[in-house]
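Participant: Read in UniProt numbering, the sequence shown has 53 at position 53, and its numbers run on one by one without any break.
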Amino acid sequence: MNGDEEAEFRAFVEVQLESLRGLAYLTCGDWQAAEDAACTVLARLYGRWSRVDNPGAYARRMVVRAAIDETRRPWWRRERGMSHAMPEPPPGPDGTHAVDDRLVVREALSRLSPKLRAVLVLRFLEGLSVQETAEALACPEGTVKSYTARGLAALRDILHVGEPDRGVPADVLNLRGRHEARPA
């Protein structure tokens, strides 16, 4: 890797590291595993930097795969820390209700299968289109659409959306957060 490519890679890491780490966390639900997945992917990307056409898409696809693989590892091959006791990364300025809503949605997402969770995270939190999500997960667009429908239905059931006196308000399920909506 020459000096210019090295500088490009460093700039890429500075811009994308937090996003990749967050994507991995939302996919696997464990900050330590997310950190491992993001760092492993960036190390692999470093060696392939000059051969990768779209490093952002490549990194997202590989981080999702690495995070899903972390959830498949047998319990005796990894230590399981007390992630609930670990401090969260420092939050930005935010209202209390938004934090509560995010915690509710994060808990609900953690109850989904890794594939459904990965599709929902890529589609709604990362703001990718159906086509971009299919490319990131290396699956057909129809699979992304069906996983999206099944994942959202499962979240509505988990959150009891629309049930009086039991459910959460429907706007809690607005998964897009700060990202703008993209057309399917």
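All C-beta atoms in this analysis are idealised placements derived from N, C-alpha and C, irrespective of residue type, glycine included.
The model shown is predicted, which means the values in this text are computed figures rather than measured ones.
I'd like to check one pair, residue 63 with residue 23: are the Cβ atoms closer than 9 Å?
Facilitator: Contact: yes.
Participant: Nearest by alpha-carbon distance to residue 66: which of 47, 52 and 34 is it?
Facilitator: Selected option, being the one with the closest Cα: 34.
Participant: Would residue 52 and residue 20 be called neighbours here (beta carbons separated by less than 9 Å)?
Facilitator: Cβ atoms of residue 52 and residue 20: not closer than 9 Å.
Participant: Beta-carbon separation of residue 26 and residue 117 under 9 Å?
Facilitator: It is a contact, given that the beta carbons lie within the stated cut-off.
Participant: Just reading off the alpha helix (DSSP H) that residue 47 is part of, what are its end residues?
Facilitator: Run containing residue 47: 31 to 48, per the alpha helix (DSSP H) assignment.
Participant: Given a threshold of 16 other Cβ atoms within 10 Å of its Cβ, counted over all protein chains shown, does residue 15 qualify as buried or as exposed?
Facilitator: So residue 15 counts as exposed.
Participant: Alpha carbon to alpha carbon, what distance is there between residue 160 and residue 37?
Facilitator: Approximately 32 Å, taken between the alpha carbons.
Participant: Work out the CA separation of residue 45 and residue 59 for me, nearest whole Å.
Facilitator: Using only the alpha carbons, I get a separation of about 7 Å.
Participant: Does the distance from the C-beta atom of residue 57 to that of residue 5 stay below 9 Å?
Facilitator: Their beta carbons are not under 9 Å apart, which means residue 57 does not touch residue 5 by this criterion.
Participant: Specify the secondary structure class of residue 129 as computed by DSSP and reduced to three states.
Facilitator: In this structure, residue 129 counts as coil in the three-state DSSP scheme.
Participant: Would you call residue 100 buried or exposed, if buried means 16 or more other Cβ atoms sit within 10 Å of its Cβ?
Facilitator: Per the 10 Å Cβ criterion, exposed.
Participant: Over the uninterrupted alpha helix (DSSP H) stretch that includes residue 28, give me the two end residues.
Facilitator: Where residue 28 is concerned, the enclosing alpha helix (DSSP H) stretches over 3 to 28.
Participant: Tell me the DSSP secondary structure of residue 112 in three-state form.
Facilitator: Correct three-state label for residue 112: coil.
Participant: Which value, in whole angstroms, describes the spacing of the CA atoms of residue 144 and residue 122?
Facilitator: Using only the alpha carbons, I get a separation of about 10 Å.
Participant: Between the alpha carbons of residue 125 and residue 109, how many angstroms are there, rounded?
Facilitator: Cα to Cα, the separation comes out at about 12 Å.
Participant: Of the residues 119, 127, 151 and 158, which one's Cα is nearest the Cα of residue 140?
Facilitator: That would be 119, whose Cα lies nearest to the Cα of residue 140.
Participant: Between 3, 1 and 148, which has its C-alpha nearest residue 127's C-alpha?
Facilitator: Checking every option, the nearest Cα to that of residue 127 belongs to 148.
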